[in-house]
Amino acid sequence: MIPPPQLPYVQRELIARATAAGPRWQSLARMQLSEQEIGMGRHNDHANAGVLRRIIGEYGWPGVPLVGQDGATAAWQIALHADTDTFMQRAAARAMHAATQRGTASIRQWAHLHDRCLLNADLPQHFGTQYLRGADGLQLEPVTDPDTLDTRRAEVGLPPVADALRDLRLRLAAAPRTSDQKNDGTSTASPTESA
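Numbers given in our numbering equal positions in the sequence shown, counted from 1, plus 2.
Here you go:
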């Protein structure tokens, strides 16, 4: 039997914030938002990042024992979309990495966040999880040492990059997920896609 989360009120707040932002993140991934909606969304993402910053400051990374699997996934989603607060985003990635070492956070989710932080610092990504919509469709954002990319992806439980790109294209072509569908550890929630 899985024990209940130690911080159910934090779990509820994280889930509520990620659930409220989810439809906007999906619309953004599909490029279905106006400039005004994008601006308002950035404001909301910044507010969510502030809440996550406070939670990390008080408790460390909100991993599974603290907030349950759904709460931990919601925290990761909020961190992934904290592009307006890259300092907090990097701090979240460090805290999440430490939690992966303790077995309380997903290494696969952390790989997405790590790549996002690298790109936001104008560096090539390490695990090839981030894509950009270009004139020819989805394109892999710059990556360190492309020849060993699939090996690095396998080390953190990610599928080969070709499979991930195929799945991402299918997800973006499909109807958006409803709030009752589970997140599988990937995100499609910004102009930079994740796979």
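From the three backbone atoms N, C-alpha and C, an ideal C-beta is built for every residue, glycine too.
All values reported here derive from a predicted model rather than from experimental measurement.
Beta-carbon proximity check, A94 vs I17, cutoff 7 Å:
As a working note, residue 94 is residue 92 in the sequence shown. As a working note, residue 17 is residue 15 in the sequence shown. Not in contact: A94 and I17 (Cβ atoms no closer than 7 Å).
Would you mind reading off the limits of the alpha helix (DSSP H) that contains L151?
Along the sequence shown, one-based indexing puts residue 151 at 149. Here the alpha helix (DSSP H) through L151 covers L151 to E157.
What is the rounded straight-line gap between the Cα of R155 and the Cα of D117?
The count along the sequence shown starts at 1 and reaches residue 155 at position 153. The count along the sequence shown starts at 1 and reaches residue 117 at position 115. Taking C-alpha positions only, R155 is separated from D117 by approximately 11 Å.
Every unbroken beta strand (DSSP E) within the stretch 102–155, with a cutoff of 3 residues, ordered by chain:
Entirely contained in the stretch 102–155, the beta strand (DSSP E) runs reaching 3 residues are, in chain order, 132–136 and 139–142.
Do T86 and R26 have their C-beta atoms within less than 7 Å of each other?
Taking the first residue of the sequence shown as position 1, residue 86 is located at position 84. Taking the first residue of the sequence shown as position 1, residue 26 is located at position 24. No, these two residues do not count as a Cβ contact at 7 Å.
Whole runs of the alpha helix (DSSP H) within the stretch 44–112, excluding any shorter than 4 residues
Counting whole runs of 4 or more residues, the stretch 44–112 contains the alpha helix (DSSP H) stretches 66–82 and 88–104.
Stretch pair the stretch 142–155 + the stretch 91–107: three plus CB contacts closer than 8 Å
Too few Cβ pairs lie closer than 8 Å, so no.
DSSP-derived helix/strand/coil call for R168
Residue numbering aside, residue 168 sits at position 166 when the sequence shown is read from its first letter. Of the three classes helix, strand and coil, the one that applies to R168 here is helix, per DSSP.
On the three-state DSSP scale, how would you describe M42?
Numbered from 1 along the sequence shown, position 40 holds the residue referred to as residue 42. M42: helix per DSSP, three-state reduction.
Expressed to the nearest angstrom, what Euclidean distance is found between the alpha-carbon atoms of G73 and W112?
Within the sequence shown, the letter at position 71 stands for residue 73. Within the sequence shown, the letter at position 110 stands for residue 112. Computed Cα separation, rounded: 15 Å.
Is the beta carbon of C119 less than 7 Å from the beta carbon of Q91?
The residue given as residue 119 occupies position 117 in the sequence shown. The residue given as residue 91 occupies position 89 in the sequence shown. Cβ distance < 7 Å, so C119 and Q91 count as in contact.
Go through its chain and collect everything with a Cβ distance to Q127's Cβ below 6 Å, but skip five positions before and after it.
Locating residue 127 in the sequence shown gives position 125, counting from the first residue. D117, L120, L121, E143 and V145, listed in sequence order.
7 Å Cβ cutoff met for G130 and V158:
Start at 1 with the first residue of the sequence shown, and residue 130 comes out as number 128. Start at 1 with the first residue of the sequence shown, and residue 158 comes out as number 156. No, the pair does not count as a contact, with Cβ atoms beyond the cut-off.
For T106 versus V66, is the C-beta distance shorter than 7 Å?
In the sequence shown, the residue the question calls residue 106 occupies position 104. In the sequence shown, the residue the question calls residue 66 occupies position 64. Annotated as proximal: T106 and V66, with beta-carbon spacing under 7 Å.
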